[in-house]
Amino acid sequence: MIIISKALRTIKKFLSDIQLKEYDIAPKKNVRILIFSEDKPKLKKKPYDQIDYIPDYVLEQLFRHINNLHKDVIPIVWVMYKTGLRISDVLGLKQDCLVKLNGKYWIVTDIEKTYVERHRMPIDDELANILAVLIDKAKKNSNIDNNPDNLIFVRYTGSRKGKPYSQRWIRKNLNIFAREYNITDESGKLYHFKNHSFRHTYGVKMLNNGADILTVQELLAHASPEMTLRYAKILDDRKRKVHDEVMKSGVFTFNVHGEIEQEITGEISQDILDMLWLNHKLNAIDTPYGTCLQRNKGKCEYAKQPPCLTCNGGKPCKNLGIGIFEGDIKKYEIHINSVKALIKQAKEYNRLEMVKENEELLKIYEEIYNTIKDGNIIYGRIDKLMK
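Positions 0 to 386 (numbering that gives the first Met the number 0) are the ones given, in order, by the sequence shown.
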């Protein structure tokens, strides 16, 4: 399909050129009505939940040789890898994007796809130093003519003067680099880089190293927790691999005397492993605050009602202020979407008690959300503010 698309582009360019030069063999009709968009083969879209992250095996090779990559692409790779920003947002970074708050560095930028303004991403000192050098260089080389938008990654001359680097050019340089230094996957096949894979890699690495879904959602500026939950499959695969290795080494059971014994019988049936894993998934439930493991031992006494929201006779604690500060509305939108996702998951496994508990929790969240979205606040100690 890619070859056909390239061939059609070449033909279109050829026909346009001979028309422009008015050759006798040039077609009379405009090229735009000779080659239609439907003539081009449609590339099959990847599944919504497919996560193309870069394996550590490939990353090790990339960073071993990264100083041999095109000098203008190196800092872009570091920004994509260390922030998870989309390539379009990386290329849109401006000279005021680097800020320092409470002794720590952040990137502040607008996220075009989800319409998030002044999104703030924490970064380490190493990346901050790279950005500081790029910003200083851009300020020295820029003027209203060659960089009207005060970009960092900008072309100062040529057909793209005043515009950021081409996304295709970055991907092309990465894959030329991969061929030159024989960067392969674990099967020995040459690895093909995609710019967006760095974003998926960031999300997977954050989850694999203990970050919760809501934090990753906020860092990646996803519009909903469902988008971030796509990464959970990768996390599950990693957990499953560790789980299987442990289970193959021995299953802990009770003997007839009530003592724990370790039963090692060699290879364990896949059906048994699948059953154990399913039980784990049903009992260890993801919540808006993390993964709850209490259900393995019994019912959590706080499962129905978070105490901060119900300890005041079923109402929020008098010392809890909701809707006072910026961000509370978004916070409860996230809670509502997360609980809805949990209800859906519980229904799939026919866990009716979990459905009931989470529906009660959803009602609490929605009542609070409907109160504060109109500009109202919830605070039982308002008299304290008057003193």
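Don't be surprised by glycine CBs; every beta carbon is placed ideally from N, CA and C.
Taking all protein chains in view, the Cβ of Asn-194 is crowded by 16 or more other Cβ atoms within 10 Å, so the residue is classified as buried.
In this structure, Leu-173 lies near Phe-192, with their beta-carbon atoms less than 8 angstroms apart.
The criterion of a C-beta distance shorter than 8 angstroms is not satisfied by Ile-371 and Ile-335. Rounded to whole angstroms, the Cβ separation of Lys-93 and Asn-145 is 15 angstroms, and the two are not in contact under 8 angstroms. It is roughly 15 angstroms from the alpha-carbon of Leu-68 to the alpha-carbon of Val-78. A contact between stretches requires three or more CB pairs, one per stretch, nearer than 8 angstroms, and the region 51–62 fails this requirement with the region 153–163. Inclusion of Ile-363 and Ile-377 in the CB contact set at 8 angstroms is not warranted, their separation being larger than that value. Along the region 95–173, the alpha helix (DSSP H) occurs as fully enclosed runs of 4 or more residues at 124–140, listed in sequence order.
If you look at Pro-224, you'll find it in the alpha helix (DSSP H) that goes 224–228. In the same chain as Thr-227, and ignoring 5 residues on each side of it, the C-beta atoms closer than 6 angstroms to its own belong to Ile-212, Val-215, Gln-216 and His-221, in chain order. Separation of Ala-6 and Lys-339 (C-alpha to C-alpha, rounded to the nearest whole angstrom) is 48 angstroms. Listed in chain order, the non-local C-beta contacts of Glu-116 below 7 angstroms within the same chain comprise Asp-109, local neighbours out to five positions each way being set aside. The region 126–145 makes contact with the region 72–92: 3 or more CB pairs, one atom from each, lie closer than 8 angstroms. Bounds of the alpha helix (DSSP H) holding Pro-74 are 73–82. Note: Lys-314 is bridge-paired with Asn-311 in the DSSP secondary-structure output. The beta carbon of Asp-95 sits closer than 8 angstroms to the beta carbons of Val-107 and Asn-149 from its chain, once the five residues preceding and following it are set aside; these are given in chain order.
For Lys-372, no alpha helix (DSSP H) segment is defined, and its DSSP state is neither H nor E. According to the DSSP assignment, Thr-200 belongs to the alpha helix (DSSP H) that extends over 196–207.
When beta bridges are read from the DSSP output, Lys-329 appears opposite no residue. In the three-state reduction of the DSSP assignment, Lys-193 falls in the coil class, being assigned neither a helical nor a strand state. The three-state reading of DSSP puts Ile-342 in helix, counting H, G and I together.
In the structure shown, Ile-335 falls within a helical segment according to DSSP collapsed to helix, strand and coil. With fewer than 16 other beta carbons inside 10 angstroms of its own, Gly-209 counts as exposed.
Around the beta-carbon of Gly-374, fewer than 16 other beta-carbon atoms lie within 10 Å, marking it exposed. Counting only the Cα atoms, Asp-184 lies some 9 angstroms from Asp-55. Rounded to whole angstroms, the separation of the alpha carbons of Ala-137 and Leu-130 is 10 angstroms.
Here Ile-377 is bridged, per DSSP, to Ile-321. A distance below 8 angstroms between beta-carbons, with the five flanking residues on each side excluded, links Ile-10 to the following residues of its chain, in chain order: Ile-34. Spatial neighbours of Ile-323 in its own chain (CB-CB distance under 8 angstroms, excluding positions within 5 residues in sequence) are listed in chain order as Ile-376 and Tyr-378. Apart from the 5 residues on each side of it in sequence, Glu-225 sits with its Cβ closer than 8 angstroms to the Cβ of Asn-336 and Ala-340 in its chain, given in chain order. Assignment of Lys-20 by DSSP, reduced to helix, strand and coil, places it in the coil class.
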